[in-house]
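Asker: Structure incoming, see below.
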Ligand SMILES: Cc1cc2nc3c(=O)[nH]c(=O)nc-3n(C[C@H](O)[C@H](O)[C@H](O)COP(=O)(O)OP(=O)(O)OC[C@H]3O[C@@H](n4cnc5c(N)ncnc54)[C@H](O)[C@@H]3O)c2cc1C
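Listed below in C-alpha cells is the structure:
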C-alpha cells in the first residue's frame, strides 16, 4: 500500500489516511436503538431446507432503512438471556411489521429455538434498527454481493427498490450451494445472478464466485459515477468477494462489508 | 421482559456462582455475552488491507510534548509485554484465555509525554477507521499494541501486522491495523460511535449503544 507517515502537513499533525472514509449512510436514532420492544411472531415461512422467514408485529417500530439490522433477545425461565444480531429482510414500507430470515445453525442457541420451537403468538424482544453503515436509502447505484443468509439485508434493498419503483441501477450476485438452498429464489428478477457452488441446474457452471462474474459489472455495466458495493456473508465469503471487487477496480472506500462472524 | 416460551438456553457449564445456582452467570462472562469457544469471529466493515510490517508505522501526536512515529523495528525495540485474559465483542461473543504479545501502550506514551490537558484519544488505523477512548483506558497497563496472537504473528483479518488491544472494553475499540493515536482535550466519536455505538463500551456495564 502506498502511504506516507512523514509529516507533510502542519507540524506535529499527521493526517490519517482516509481510504476507508466510508461515512455512515444515515444517522441512527440513539433513542430507538436503546429501546427493547416486544415483537410478536405472526407467521413462519419456509424458504429452504435450512432457512425460514419469521414475520413479527412490532407496533412501535420506528422504521428502518434497507440493510440495517437489529438485536434480538430470548430469555429463559431462570433469567438467562441470549442475544444475537439479525439483518432485517423486509422493506421499510411494511408498517408495524418486520421480517427476519434465519439460517438453522447446527447446535445454534438462538436459531435453534426459532427453527424447532417458535410458533405464531410467541414473543421475543428486539432493539433497533442499528447501524447506519450498511444502510442503502435507495439513492445510489448499488452492486450487492451476498452468500447464504448474507443475502438477507440485500433482499431488503431489492424489495425496497421494487416497492418504490426506483430506477437507480441495482444488481445482485447471490451465492448458494445449490438451487434448493437459494433463499428467496422465487423473488429474484433480472437484477439477480445466482452463483451455485456445489450443485447447479443443467447448463449452469458450478463453483464459487469468480472475477469473470464481477469484472463485467465494473466495466460494461458500470453506471455513471460507479457503484456503491455491499458485501454480506460469512467472513470467508466477504474476504473473497471484497478482493474480487478491489481487483476489478472498485475503490475500497466504496465497499461496505457486513460479516456474520 | 417475559420469558421466551420453551427457551432454556444452551446448557451452561459453570453455573454455580456464589449468587446462586442454575442461571447464575459464568464467572468472567459479561452480561449478554456467550462463550465463543475456539471461534474467533471476524467483524470488520472494511476490506482487509495488504499491510506488511515494512509498511506499518505507529504515531502518537496531538496533546503531547513530543510527537513520535515508530516503525516496525522501533516499536519492537520497546520492552515486550503480553496480555493474557479475555476479550469481548459487542456482537455478543467473548473469548476466554487468549494470549497477545506486543508492547504496553504505557511504553509508547512515556516517549511522547502526554500533556496534562489530554483527556481522550482517537485511535486511527491504516485504513482510515477511527475509534475514541478516554486516555485513562489506555494507561496503567490496560492497553497494548499487539502483533502476536498465541505466539504467532497476528493474522491480517484480525488486524495484523499490529492492532490496538484494549481488552477491558468491547473489541471495536481495539482498532485493527493501528496507525496512530491523536491525544485530545475532549471526546470525539469515531467510526462506530458516529453510527450509534456507545462512547466508552464497557462490557460489564453493557455499554453497547449510545444511550445504554
Ligand atoms: C450484523 C449481523 C447480522 C446478521 N444477520 C443474520 C441474518 O439475517 N440471518 C442469520 O441467519 N444470521 C445472521 N447473523 C448471524 C446471527 O447473529 C447468529 O450468529 C446466528 O444466528 C447463530 O446464532 P445461534 O445462537 O443460532 O448459534 P450459536 O449458539 O451462537 O452457535 C454458533 C455456532 O457455534 C457453535 N457453538 C457455540 N457455542 C457452543 C457451545 N457452548 N456448545 C456447542 N456449540 C457451540 C454452534 O454449534 C454453532 O455452530 C448476523 C450476524 C451479524 C453480526
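Chains as they are written, first to last, in this note's numbering: chain A, 914 to 1174; chain B, 926 to 1137.
The beta-carbon is built from N, C-alpha and C at its ideal position, and this holds for glycine as well.
Remember, it's a predicted structure, so these values are computed and weren't measured experimentally.
1) Does any CB atom of chain A fall closer than 8 Å to the CB of residue 1084 (chain B)?
2) Can you find the residues in the same chain that come closer than 8 Å, C-beta to C-beta, to residue 1063 (chain B), ignoring five residues on each side of it along the sequence?
3) Just checking: is the beta-carbon of residue 999 (chain B) within a distance shorter than 8 Å of some beta-carbon in chain A?
4) Assuming residue 986 (chain A) and residue 949 (chain A) form a contact by the criterion Cβ under 8 Å, report the distance between their Cβ atoms to the nearest whole angstrom.
5) Within 10 Å of its beta-carbon, does residue 1128 (chain B) have 16 or more other beta-carbons around it, so buried, or fewer, so exposed?
6) Excluding the 5 residues flanking residue 1064 (chain A) on each side, which residues of the same chain have their C-beta closer than 6 Å to its C-beta?
7) Under 8 Å between C-beta atoms, does residue 1037 (chain B) make it to chain A?
8) So, is the C-beta of residue 1106 (chain B) closer than 8 Å to a C-beta in chain A?
9) Is it a yes or a no for the region 1030 to 1043 of chain A touching the region 1098 to 1117 of chain A, going by three-plus beta-carbon pairs under 8 Å?
10) From the DSSP output, in three-state form, read off residue 961 (chain A) for me.
11) Anything in the region 1139 to 1150 of chain A with a Cβ closer than 8 Å to a Cβ of chain B? List those residues in chain order, please.
12) Sorted by chain position, which residues of the same chain lie with C-beta nearer than 7 Å to residue 1024 (chain A)'s C-beta, five sequence neighbours on each side aside?
13) Given residue 1009 (chain B), which residues of its chain have a CB within under 6 Å of its CB, disregarding the five upstream and five downstream residues?
14) At the level of alpha carbons, what is the spacing between residue 1120 (chain A) and residue 1089 (chain A)?
15) On the three-pair Cβ rule with 8 Å, is the region 1108 to 1118 of chain A touching the region 1136 to 1143 of chain A?
16) In the region 1071 to 1114 of chain A, which residue ranges form an unbroken alpha helix (DSSP H) of at least 4 residues, counting only runs that do not cross its ends?
17) Below 7 Å, is the gap between the Cβ of residue 1143 (chain A) and the nearest heavy atom of ligand 1?
18) Is the CB-CB distance between residue 1151 (chain A) and residue 1172 (chain A) below 8 Å?
19) Would you report the Cα separation of residue 1044 (chain A) and residue 957 (chain A), rounded to the nearest angstrom?
20) According to DSSP, which residues form a beta bridge with residue 983 (chain A)?
21) Quick check on this structure: which residue in A:983, A:1039, A:1013 and A:1005 has the alpha carbon closest to the alpha carbon of residue 1051 (chain A)?
22) What do you reckon, is the C-beta of residue 1156 (chain A) under 7 Å from a heavy atom of ligand 1?
23) Identify whether residue 1026 (chain B) lies in helix, strand or coil by the three-state DSSP scheme.
24) Run through chain B and tell me which residues come within less than 9 Å of residue 1152 (chain A), C-beta to C-beta.
25) Give, in chain order, every residue of the region 998 to 1019 of chain B whose Cβ lies closer than 7 Å to some Cβ of chain A.
26) For chain A, check one thing: does any of its Cβ atoms lie closer than 8 Å to the Cβ of residue 1095 (chain B)?
27) Kindly say whether residue 1096 (chain A), judged by its beta-carbon, lies nearer than 8 Å to any beta-carbon of chain B.
28) Please go through the same chain and pick out, in chain order, the residues whose beta-carbon is closer than 8 Å to the beta-carbon of residue 1124 (chain A), but skip the five residues on each side of it.
29) Determine the direct distance from the alpha carbon of residue 971 (chain A) to that of residue 1087 (chain B), and round the result to whole angstroms.
30) Whose CA, out of A:1101, A:994, A:978 and A:969, lies closest to the CA of residue 927 (chain B)?
31) For residue 1020 (chain A), count neighbouring Cβ atoms within 10 angstroms of its own Cβ and tell me buried if that reaches 16, exposed if not.
32) Can you list every residue whose CB sits closer than 5 Å to some heavy atom of ligand 1, going in chain order?
33) Less than 8 Å between the beta carbons of residue 969 (chain B) and residue 1101 (chain B), yes or no?
34) For residue 1168 (chain A) and chain B, any beta-carbon pair shorter than 8 Å?
35) Please classify residue 1077 (chain B) as buried or exposed, where buried requires at least 16 neighbouring CB atoms within 10 angstroms.
36) Tell me which same chain residues have a C-beta within less than 7 Å of the C-beta of residue 960 (chain A), skipping the five on either side of it?
Answerer: Judging by the given coordinates:
1) no
2) 1030, 1034, 1046, 1091 and 1106
3) no
4) 7 Å
5) buried
6) 1087 and 1096
7) no
8) no
9) no
10) strand
11) 1148
12) 1015, 1016, 1017 and 1018
13) 1024
14) 10 Å
15) no
16) none
17) no
18) yes
19) 26 Å
20) A:999
21) A:1005
22) no
23) strand
24) 967, 972, 973 and 1082
25) 1016 and 1017
26) no
27) no
28) 1157, 1160 and 1161
29) 43 Å
30) A:994
31) exposed
32) A:982, A:997, A:998, A:999, A:1000, A:1015, A:1016, A:1018, A:1020, A:1021, A:1022, A:1023, A:1024, A:1062, A:1065, A:1173 and B:1016
33) yes
34) yes
35) exposed
36) 966, 1014, 1096 and 1097
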